[in-house]
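Note sheet for the following structure.
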Amino acid sequence: MEIPKLYTPAESEAPWYPLWENRGYFTPKLGPGPSYSIVIPPPNVTGSLHMGHALNNTLQDILTRLHRMQGDRTVWVPGTDHGGIATQNVVEKLLRAEGKTRQDLGRDAFLERMWKWRQESGDTILMQLRRLGASCDWTRTRFTMDEECSRAVRRAFVELFKMGLIYRGPRMVNWCPRCHTALADIEVEHEERAGKLWHIKYPLGPKGQSYIEVATTRPETMLGDTAVAVNPDDERYKGLIGKTLQLPLTDRQIPIVADAAVDASFGTGAVKVTPAHDPTDFEIGERHGLPHVVVINFEGKMTDAAGAYAGLDRFEARKRVVADLEAQGWLNKTEDYRLSAATCYRCSTIIEPLVSEQWFLKMKGMAERAAAATRDGQMKIFPSSWERPYLNWLDNIKDWCISRQIWWGHRIPVWYCRSSLKTCPPIASEEPPKGCPQCGSTELSQDEDVLDTWFSSGLWPLSVFGWPDETEDLKTFYPTSVLVTGHEILYLWVARMVMLGLQFRNDVPFRHVYIHGIVRDKQGKKMSKSLGNVIDPLEIMKQFGTDALRLAMASSSIPGRDMQMSNDSFLKARNFANKLWNASRFVQMNLENYTPQALPPVKDRTLADRWILHDLQATISAVTEALGSYNPAEASRLLYEFVWNSYCDWYLEISKTVLMDPQSPSRAAKQTVLVEVLQTALRLLHPIMPYETEHLYQALRPFMQESTESVMIAPWPLVDPQFSDPVSAQKMLLVQNVVEAIRRLRSESQISPAVKVDCYIQCTDPRFAGLFGDLEVRASILFLSKIETLASTAPQEYLFTVFDGGEIYISAQGLVDKEKERARLKKNYAQLEQTTARAEQILKDENFLSHAPKEEIDRIRETLRQGRQKMEWIQKNLQGLS
2 MEIPKLYTPA
12 ESEAPWYPLW
22 ENRGYFTPKL
32 GPGPSYSIVI
42 PPPNVTGSLH
52 MGHALNNTLQ
62 DILTRLHRMQ
72 GDRTVWVPGT
82 DHGGIATQNV
92 VEKLLRAEGK
102 TRQDLGRDAF
112 LERMWKWRQE
122 SGDTILMQLR
132 RLGASCDWTR
142 TRFTMDEECS
152 RAVRRAFVEL
162 FKMGLIYRGP
172 RMVNWCPRCH
182 TALADIEVEH
192 EERAGKLWHI
202 KYPLGPKGQS
212 YIEVATTRPE
222 TMLGDTAVAV
232 NPDDERYKGL
242 IGKTLQLPLT
252 DRQIPIVADA
262 AVDASFGTGA
272 VKVTPAHDPT
282 DFEIGERHGL
292 PHVVVINFEG
302 KMTDAAGAYA
312 GLDRFEARKR
322 VVADLEAQGW
332 LNKTEDYRLS
342 AATCYRCSTI
352 IEPLVSEQWF
362 LKMKGMAERA
372 AAATRDGQMK
382 IFPSSWERPY
392 LNWLDNIKDW
402 CISRQIWWGH
412 RIPVWYCRSS
422 LKTCPPIASE
432 EPPKGCPQCG
442 STELSQDEDV
452 LDTWFSSGLW
462 PLSVFGWPDE
472 TEDLKTFYPT
482 SVLVTGHEIL
492 YLWVARMVML
502 GLQFRNDVPF
512 RHVYIHGIVR
522 DKQGKKMSKS
532 LGNVIDPLEI
542 MKQFGTDALR
552 LAMASSSIPG
562 RDMQMSNDSF
572 LKARNFANKL
582 WNASRFVQMN
592 LENYTPQALP
602 PVKDRTLADR
612 WILHDLQATI
622 SAVTEALGSY
632 NPAEASRLLY
642 EFVWNSYCDW
652 YLEISKTVLM
662 DPQSPSRAAK
672 QTVLVEVLQT
682 ALRLLHPIMP
692 YETEHLYQAL
702 RPFMQESTES
712 VMIAPWPLVD
722 PQFSDPVSAQ
732 KMLLVQNVVE
742 AIRRLRSESQ
752 ISPAVKVDCY
762 IQCTDPRFAG
772 LFGDLEVRAS
782 ILFLSKIETL
792 ASTAPQEYLF
802 TVFDGGEIYI
812 SAQGLVDKEK
822 ERARLKKNYA
832 QLEQTTARAE
842 QILKDENFLS
852 HAPKEEIDRI
862 RETLRQGRQK
872 MEWIQKNLQG
882 LS
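For the sequence shown, the residue numbers in this note's numbering are 2 to 883.
This is the structure in structure tokens:
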């Protein structure tokens, strides 16, 4: 297969994914040997591929492809989440466009409509993951509401219920008036917003001549106040405890109570207590037996208990209450205030704390086991900086509100006996019971609520492998090897999987948790449609190629850091892909009449051969280590430098003199090394750039002594000690240092690339002896007419520079305009004089040396050292041109 002249990703990528899938490479063969498993963080069925998905799945695919090549029985299980609230919102929006509501259809008809939508649109993102190159085992695809997962959900609920860990009762919950459902604490997002703080006078007597002032950001809730609380040690209010206040705008009297939860130093030291509409007030109310006056309902509107404000939206009521307080003289002052607004994570509506009858899961004991699993090393988090917040959340966990007042989801498997609701307990059952076990009645009704989406997601590593059955998959692949995810769902999902895995399998669901950063724009801002800075990965793949997208993301994925992406990131990656393509094409074009053979013996290898093979071994070792420690950025950097710099810029260039000579006796040996190094580099790059490496591997296969039918199932390269040659590596580094120093000097002195120069080197390093006697190295440095070791004195006219290991003199006679060059050097010298003088002055300042950070002092000292050194070089050049 001939490599085309132009690299066109759309054409070169197209054939390979169907080939991989049709050949069954994604499905592991069960049997003996080590296993490696990953379960995908299931995207919502409403989702379309965005940069977060692209990053997360690229990182998973890199690990999956790596371990598949390393010979593990590797499986990556794909699937989607039903996304309860979000998905129901999508379909309800479609219904609204038809002038209907879900209540118009009724529950059964609405669920039929939901399933139809899911079948038509729910797998869009899975097809897009194929385009990304995700090597998932599609034969194991799961959906959180398919029968296997649903059975696991029912089993888990019933077992937890029977253990007494699930209970139902009235509690203060986070209520979303838009989604009409309760939310768990960690499903509530907190946004910093501009607000107001209203200071209200609560009169002690009917005439209001004396009063207690309270401050609130939610004046509409005062209509539900049932007390004002003060700290029992606050001297200002000790004499008022037990007395009553007149609640403004109402005809109610409320008591003054003492409670240690009140912070006497905050505001006036007196707080209004609204037990029905604030979690803290709820607890104060419980301690003091205060009544609950509900003034805001589940629609976010004022109730009849709000009197004249009944029926108003809560925010309209706020305006009216403030206006009336001011009109009646109860508003003391208003001030601007920054507040943290609690909002729904799905629709951004402001949450309303309300008391509601809900199902809860006790978390304390489960959380203690999960925390212990991390503390004793059973499960490790990478990077480890995320361990502390994770453990802190587990140590301070609250019971989980697991019920949701929507229709799309796993309906709670609890039935009630309609004949004796008060005497017969609820029936938790995996299947609909035939009758009430208490009284025998067949008149049963199922609970109307569904389970929180995260309940089924929390069972994901179990349910995808067939739990509660003891399947072969479960025994082989549980616990999984690693979970790859973003930190934003560390508590929502990761912690819950750990707790439920330990509960039902007595083992953590994954040995490692790899937390990656968030993709941001080039200014570091989070991507959002409102800011117009969203990058569409589908468009990037179309414009730059899938491998460029993957390489750019892997290169930017530094552990513990968010990443900033822009078109420049993808262009750099695309340029690398193009470089690799052109290098491979050059090699292929120079393999005419080549017969695959073993690498030449050491004695027949040139310095460059020995160096590149040594460098390849170092790269194999370092890349394997980087990927094994979840550092794809370091692995990408190492591969980029090896392919671009070592192989293309140095080894290919050095090899050209031999390749261009068909009669050269060492040509076949050179071709063998070129092929061996290139095919090994393709294998190393494959997990990151699967498409291009497959295409180039197939083109190179006829010239390999050993190969597999696909690079995807080729063995991962291993370090071979026989190619270790640090002496050759050090010698080659000397050559590179010399060449780069000469290039810099020529560039600074504006010597035309077409002009060859005589070069003399002074070096005391014994390794340098005879170094440029290597004909291949000597011939590759095309810009030199002569390169010799300096015997005693420098040329009569010269330009001077240094390299790491010695000095270089270039004969300048007839090469430069001496006066013009001397003027340039003197100008540089004057600038350096100023720089070094400033540095010297700063370093004489005792005050600076006493107070400045050590790093800053060291930086200035280094500036001074380099400045003085450069001044010496300039003086030597001026002397050479005199």
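For each residue, glycine too, the CB sits at the ideal point set by N, CA and C.
Proximity to residue i [Cα-Cα], best of the options
i: Y238; options: R132, R253, I257, R315; result: I257
i: T424; options: E432, P438, L95; result: P438
i: E693; options: N579, F587, Y492, W874; result: N579
i: T607; options: H513, S656, A153; result: S656
i: R512; options: H411, L484, K819; result: L484
i: E1; options: F571, Q565, L746; result: For residue 1 there is no data in the structure shown, the boundaries of the chain being 2 and 883.
i: L313; options: L617, K302, I858, A838; result: K302
i: P16; options: F162, P691, E489, K381; result: P691
i: I621; options: H687, K671, E473; result: H687
i: A265; options: A230, I86, L617; result: A230
i: P510; options: Q379, E148, S386; result: Q379
i: F587; options: D650, A619, I213; result: D650
i: V323; options: P249, F283, I242; result: P249
i: R506; options: P754, K757, E236, Y479; result: Y479
Three-state class that DSSP yields for residue i in the structure shown
i: E593; result: coil
i: C649; result: helix
i: P688; result: coil
i: Q247; result: strand
i: E388; result: helix
i: D252; result: coil
i: T837; result: helix
i: A584; result: helix
i: H823; result: Note on residue identity: the sequence assigns Arg, not His, to residue 823. The answer is helix: DSSP assigns R823 an H, G or I state.
i: K543; result: helix
i: G487; result: strand
i: E12; result: helix
i: S458; result: helix
i: Y479; result: coil
i: W360; result: strand
i: W409; result: coil
i: P427; result: coil
N- and C-terminal bounds of the beta strand (DSSP E) containing residue i
i: H200; result: 189-204
i: V720; result: Segment: none, V720 is in no beta strand (DSSP E) and carries neither H nor E.
i: V624; result: Where V624 is concerned, there is no enclosing beta strand (DSSP E), although the alpha helix (DSSP H) it sits in stretches over 608-629.
i: T142; result: Premise fails: T142 is in no beta strand (DSSP E) and is neither H nor E.
i: N333; result: 332-345
i: Y212; result: 212-217
i: S812; result: 807-812
i: I516; result: 511-517
i: N23; result: Premise fails: N23 lies in the alpha helix (DSSP H), 17-23, not in any beta strand (DSSP E).
i: N175; result: 167-177
Per DSSP, the bridge partner or partners of residue i
i: A259; result: V231
i: M303; result: I297
i: A271; result: V231
i: L1; result: Coverage of the chain is limited to positions 2 through 883, which leaves residue 1 absent and any answer about it impossible.
Alpha helix (DSSP H) segment containing residue i, residue limits
i: V740; result: 727-749
i: D226; result: Counting along the chain, D226 falls outside any alpha helix (DSSP H), and DSSP gives it neither H nor E.
i: Y492; result: That residue, Y492, is in no alpha helix (DSSP H); it is neither H nor E in DSSP.
i: S266; result: From DSSP, S266 is part of no alpha helix (DSSP H); its letter is neither H nor E.
i: L445; result: Counting along the chain, L445 falls outside any alpha helix (DSSP H), though it belongs to the beta strand (DSSP E) covering 445-447.
i: Q71; result: First-last for Q71: undefined, no H or E at that position.
i: F316; result: 315-328
Taking one C-beta from the region 139-157 and one from the region 454-470 each time, how about it: are there three or more such pairs within less than 8 Å? yes
Please confirm if the region 411-426 is in contact with the region 436-448, defined as three or more CB-CB distances below 8 Å between the two stretches. yes
Do the region 720-727 and the region 35-43 make contact, defined as three or more Cβ pairs closer than 8 Å? no
Do the region 497-506 and the region 194-203 meet, that is, are 3 or more Cβ pairs less than 8 Å apart? no
I want to know whether the region 186-193 touches the region 336-348 - three or more CB-CB distances under 8 Å. Contact between the region 186-193 and the region 336-348 is established, with three or more Cβ pairs separated by less than 8 Å.
For the region 865-879 and the region 823-839, state whether three or more C-beta atom pairs, one from each stretch, are separated by less than 8 Å. Yes, the region 865-879 touches the region 823-839.
Touching or not, the region 801-818 and the region 731-742, by the rule of three or more beta carbon pairs under 8 Å? yes
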